[in-house]
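Asks:
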Amino acid sequence: MSVELIITLSVVVLILLIYTLTYFIRKKHYERIDGLDKVKKELHTKIPVEKVSTLDKMMITGQSKEVATSVMADIDTIEDENLPLVESYLFEAEQATDRYRFGQSTKIESQAEQLLQKIEENIIIASEKIEELLQREQANLRKIDSIKKRYHKVRKELLAKSFTFGDSINSLEDKLGIMEGLFMSFSDLTASGDHEEAKKIVNQLDAKLNEMESMMASIPEINNKIENDYKKQLQEIKQGYNKLIEKDYKFPESIDIEKKSEQLTEGINHLKELLAQLELKKIESEQIEVEKRIDELYDAMEKEISAKRELAKLSRKMPKILYYLTTENKELGLELDRIGQSYQLDQGEHKKYLVMKSILEEQETLIAKVSDKIEKNEISYSVALETLEESFEKLETLSHSYEEFRLRLYAYREKEKEIKEDVEEMEYALREMKKYIEAQHLPGLPDDYLDLFFYTTDQLEKLSTELAKHKLDLTKVLELHSMCDEDVEQLADKTEEIVDNALLTELTSQRLYRYKEEHPEVIETIKYSESLFLDDYDYETALKMVREKLESIEPGAFDSVKDLYKKEMQKQNE
33 MSVELIITLS
43 VVVLILLIYT
53 LTYFIRKKHY
63 ERIDGLDKVK
73 KELHTKIPVE
83 KVSTLDKMMI
93 TGQSKEVATS
103 VMADIDTIED
113 ENLPLVESYL
123 FEAEQATDRY
133 RFGQSTKIES
143 QAEQLLQKIE
153 ENIIIASEKI
163 EELLQREQAN
173 LRKIDSIKKR
183 YHKVRKELLA
193 KSFTFGDSIN
203 SLEDKLGIME
213 GLFMSFSDLT
223 ASGDHEEAKK
233 IVNQLDAKLN
243 EMESMMASIP
253 EINNKIENDY
263 KKQLQEIKQG
273 YNKLIEKDYK
283 FPESIDIEKK
293 SEQLTEGINH
303 LKELLAQLEL
313 KKIESEQIEV
323 EKRIDELYDA
333 MEKEISAKRE
343 LAKLSRKMPK
353 ILYYLTTENK
363 ELGLELDRIG
373 QSYQLDQGEH
383 KKYLVMKSIL
393 EEQETLIAKV
403 SDKIEKNEIS
413 YSVALETLEE
423 SFEKLETLSH
433 SYEEFRLRLY
443 AYREKEKEIK
453 EDVEEMEYAL
463 REMKKYIEAQ
473 HLPGLPDDYL
483 DLFFYTTDQL
493 EKLSTELAKH
503 KLDLTKVLEL
513 HSMCDEDVEQ
523 LADKTEEIVD
533 NALLTELTSQ
543 RLYRYKEEHP
553 EVIETIKYSE
563 SLFLDDYDYE
573 TALKMVREKL
583 ESIEPGAFDS
593 VKDLYKKEMQ
603 KQNE
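Each residue of the sequence shown is one higher than the one before, counting from 33 in my numbering.
#1: Grouping DSSP H, G and I as helix and E and B as strand, with all else coil, what is residue 207?
#2: Below 8 angstroms on the Cβ atoms is my contact criterion, and I expect residue 529 with residue 512 to pass it. Report the Cβ-Cβ distance as a whole number of Å.
#3: Leaving aside the five residues before and after residue 265 along the sequence, list all residues of the same chain whose C-beta is less than 6 angstroms from its C-beta, in chain order.
#4: Counting only runs that start and end within the stretch 337 to 407, where is the alpha helix (DSSP H) found for 4 or more residues in a row?
#5: Okay, do the stretch 198 to 205 and the stretch 252 to 261 touch, 3+ Cβ pairs below 8 angstroms being the bar?
#6: In angstroms with no decimal places, state the Cα-to-Cα distance between residue 540 and residue 579.
#7: Residue 269: which of 277, 246, 330 and 558 sits nearest, CA to CA?
#8: Measure how close the beta-carbons of residue 663 and residue 423 come, nearest whole angstrom, since I'm counting them as under 8 angstroms.
#9: Using a Cβ-Cβ cut-off of 7 angstroms, state whether residue 565 counts as contacting chain D.
#10: Do residue 469 and residue 527 count as a contact pair if the criterion is CB distance below 7 angstroms?
#11: Do you know offhand how far residue 571's Cα is from residue 489's?
#12: Secondary structure at residue 502, three-state DSSP: helix, strand or coil?
#13: Taking 8 angstroms as the threshold, find out whether the stretch 450 to 467 comes into contact with the stretch 387 to 395 through three or more Cβ pairs.
#14: Nearest-angstrom Cα distance between residue 263 and residue 273?
#15: Taking a contact to mean a Cβ-Cβ separation below 7 angstroms, would you say residue 476 touches residue 569 in this structure?
#16: Does DSSP classify residue 307 as helix, strand or coil?
#17: If you follow the alpha helix (DSSP H) that residue 196 is part of, which residue opens it and which one closes it?
#18: At the level of alpha carbons, what is the spacing between residue 189 and residue 248?
#19: Using 10 angstroms around the beta-carbon of residue 210, count the other beta-carbons present and answer buried if the total reaches 16, otherwise exposed.
#20: Is the distance from the Cβ of residue 339 to the Cβ of residue 246 below 7 angstroms?
#21: Going by C-alpha to C-alpha distance, which of 426, 355 and 441 sits closest to residue 369?
#22: Go ahead and pull the three-state DSSP assignment for residue 182.
#23: Classify residue 472 as helix, strand or coil using the three-state DSSP reduction.
#24: Within the present structure, is the beta-carbon of residue 575 separated from the nearest heavy atom of the ligand GTP by less than 6 angstroms?
#25: Helix, strand or coil, according to DSSP, for residue 487 in the structure here?
#26: Going by the CB atoms, is the gap between residue 342 and residue 281 shorter than 7 angstroms?
#27: What is the DSSP secondary structure of residue 592, reduced to helix, strand or coil?
#28: Classify residue 333: buried if its beta carbon has 16 or more other beta carbons within 10 angstroms, exposed otherwise.
#29: With residue 244 and residue 204 assumed to form a contact (beta carbons below 8 angstroms), what rounded beta-carbon distance in angstroms separates them?
#30: Would you call residue 486 buried or exposed, if buried means 16 or more other Cβ atoms sit within 10 Å of its Cβ?
#31: Use the C-beta contact count for residue 592: other C-beta atoms within 10 angstroms, 16 or more gives buried, fewer gives exposed.
#32: Give the DSSP-derived three-state secondary structure of residue 276 in the structure shown.
#33: Rounded to a whole number of angstroms, what is the C-alpha to C-alpha distance between residue 279 and residue 405?
#34: Would residue 233 and residue 208 be called neighbours here (beta carbons separated by less than 7 angstroms)?
#35: Give me, in chain order, the residues of the same chain whose beta-carbon lies closer than 8 angstroms to that of residue 240; leave out the 5 immediate sequence neighbours on both sides.
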């Protein structure tokens with residue numbers, strides 16, 4: 033096949049493809065244009081022509097007329113401008129398609145489609161407004177009929193139960209009068225055809241009626257509290273106060289009942305004024321304040337009544353505790369003198385006693401003054417009770433202080449007795465230690481032990497001398513007693529140590545002597561230990577010599593000797 037033929041065939045195929053593609057694109061544009069035209073025709077049928085005609089024939093005025101005029105103008109714009117403009121767009125798009133200007137056609141079709149969407153939205157809005165205008169009168173009449181029924185019910189209740197609304201009745205009737213005026217305005221606007229303004233009147237009536245129904249539900253309870261609670265309570269307070277004054281009750285200067293009663297009266301009257309003005313929100317906070325004042329006045333009077341009863345009980349207890357403490361003070365004063373003759377007092381007893389005595393005298397004076405004021409009616413029962421209760425607490429505290437003081441004084445004699453008994457026991461312990469160590473028949477005693485023994489004996493003699501004095505210096509005695517106690521304990525430990533070392537030295541030497549054949553040096557160690565034992569009385573070193581030698585030959589042997597020694601000592605003690 034020649035090249036020319038191939039080229040010719042290729043051109044033919046390309047032409048066919050272009051033709052086919054162009055055909056389908058044009059067909060698609062024509063179909064879209066037809067579809068948009070169909071939408072345009074459907075929208076035209078949706079225009080509420082009959083309702084517009086009906087609305088045009090209706091006799092309406094005012095705002096309703098303005099709304100109707102605006103809606104009809106919107107419809108005219110759709111018919112005379114928007115739809116013809118869509119028709120123009122579609123014609124232009126068709127021509128552009130015929131000329132194969134597909135891009136221009138697409139742009140024009142989109143403009144037409146957007147305009148159709150806007151037209152549809154405007155038709156819906158206009159239809160709703162027309163429908164609302166056509167139905168406005170009937171809707172208003174239905175709602176006003178419901179409101180009138182509620183209005184008559186409220187008016188009937190207000191007349192039938194006027195006494196329950198107190199001073200608010202006039203303001204409530206004024207509100208009814210305002211609503212009557214609104215009903216007349218509604219009739220006039222409806223008659224003139226201004227249904228939009230009439231709708232506003234309906235809404236106003238509905239809101240005012242809701243407000244009035246809410247008020248009428250709350251006001252009787254508020255009025256009842258003012259008339260039957262607050263006023264009666266105020267009257268009770270005044271009567272109760274007058275009775276208490278007749279019975280010679282006196283109130284603290286900080287609580288002026290008469291002034292507070294006047295303030296309460298003003299508060300109640302203010303509540304009535306707020307109720308008359310229908311200021312229900314303000315009434316709520318004012319009620320809290322009025323109730324608070326009522327409670328304060330009741331509490332103040334109840335406090336005085338209760339204080340009188342408590343004061344009577346306290347008045348029966350007060351002389352008893354005063355008599356007890358006065359007697360206690362006198363006896364402790366005498367005891368302090370007696371103790372002072374036998375002991376040197378250096379723990380602040382005299383100062384402590386004088387302070388307690390001063391407190392007692394101060395409280396006696398205070399109680400006498402308060403009692404005098406009560407008799408002369410110069411003080412309120414609550415103030416008197418508070419003062420005497422504080423005084424009674426101080427007297428109770430003083431009673432405990434006297435008890436502690438008495439124990440402190442008795443402690444001198446008890447301590448002296450205890451120390452004397454300890455001295456006897458320590459002297460006995462010294463004698464027993466001496467007997468015990470003598471019974472061991474030791475060759476002698478170390479110098480440091482003898483020094484400690486004689487020193488301890490001297491200290492005990494000093495302590496006995498101090499105890500024998502006419503006026504005992506207990507501080508010095510306690511110091512000497514503590515020293516003697518330590519010395520005796522130390523001497524006892526030293527005595528046990530010397531005896532244990534001496535006896536263990538003998539037992540250990542006997543055990544060591546068994547090894548004299550195998551270990552000739554044992555004889556020399558035993559002899560050296562004996563010289564320390566017999567000549568120097570150094571029992572500790574003597575034991576150390578034989579113990580170490582024994583352990584070097586027979587490890588653990590000393591523990592056996594020691595255990596045997598303990599068993600022997602136990603038998604002796606038993």
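Backbone N, C-alpha and C fix where the C-beta goes; we use that ideal spot for every residue, glycine too.
Just so you know, these numbers come straight off a predicted model, no measurement behind them.
Replies: Let me lay it out:
#1: Helix, per DSSP.
#2: A Cβ-Cβ separation of about 26 angstroms leaves residue 529 out of contact with residue 512 under the 8 angstroms criterion.
#3: Cβ within range, chain order: 326.
#4: Counting only runs of 4 or more residues that sit fully inside the stretch 337 to 407, the alpha helix (DSSP H) segments are 381 to 407, in chain order.
#5: Yes: at least three Cβ pairs fall under 8 angstroms.
#6: Here the alpha carbons of residue 579 and residue 540 stand approximately 6 angstroms from one another.
#7: Nearest Cα to residue 269 within the set 277, 246, 330 and 558: 330.
#8: With the chain covering only 33 through 606, there is no way to say anything about residue 663.
#9: Although the question refers to chain D, the structure presented lacks it and comprises just one protein chain.
#10: At the C-beta level, residue 527 and residue 469 come within 7 angstroms of one another.
#11: Each residue's Cα considered, the two are about 24 angstroms apart.
#12: In the structure shown, residue 502 adopts coil according to DSSP, grouped into three states.
#13: At 8 angstroms Cβ cutoff, the stretches do not touch.
#14: So the two alpha carbons sit approximately 15 angstroms from each other.
#15: Result yes, Cβ atoms of residue 476 and residue 569 sit closer than 7 angstroms.
#16: Note: residue 307 maps to helix in three-state DSSP.
#17: In this chain, residue 196 is not harboured by any alpha helix (DSSP H), its DSSP state being neither H nor E.
#18: Per the coordinates, the alpha-carbon of residue 189 lies some 9 angstroms from the alpha-carbon of residue 248.
#19: By the neighbour-count rule (16 or more Cβ atoms within 10 Å), residue 210 is not buried but exposed.
#20: Not in contact: residue 339 and residue 246 (Cβ atoms no closer than 7 angstroms).
#21: Out of 426, 355 and 441, 441 has the C-alpha closest to the C-alpha of residue 369.
#22: It is helical.
#23: In the structure shown, residue 472 sits in coil (DSSP, three-state: anything other than H, G, I, E or B).
#24: With respect to the ligand GTP, the structure offers nothing, as it holds no ligand at all.
#25: If DSSP states are grouped into helix, strand and coil, residue 487 belongs with the helices.
#26: Against a cut-off of 7 angstroms, the Cβ pair of residue 342 and residue 281 comes out as no contact.
#27: In this structure, residue 592 counts as helix in the three-state DSSP scheme.
#28: By the 10 Å Cβ count, residue 333 comes out buried.
#29: The pair is a contact, with the Cβ atoms about 7 angstroms apart (cut-off 8 angstroms).
#30: By the 10 Å Cβ count, residue 486 comes out exposed.
#31: Label assigned to residue 592: exposed.
#32: Note: residue 276 maps to helix in three-state DSSP.
#33: Straight-line measurement puts the Cα of residue 405 at about 16 angstroms from the Cα of residue 279.
#34: No, the pair does not count as a contact, with Cβ atoms beyond the cut-off.
#35: The residues 207, 210, 211 and 214, in chain order, have a CB closer than 8 angstroms to that of residue 240 in the same chain once the five nearest residues on each side in sequence are set aside.
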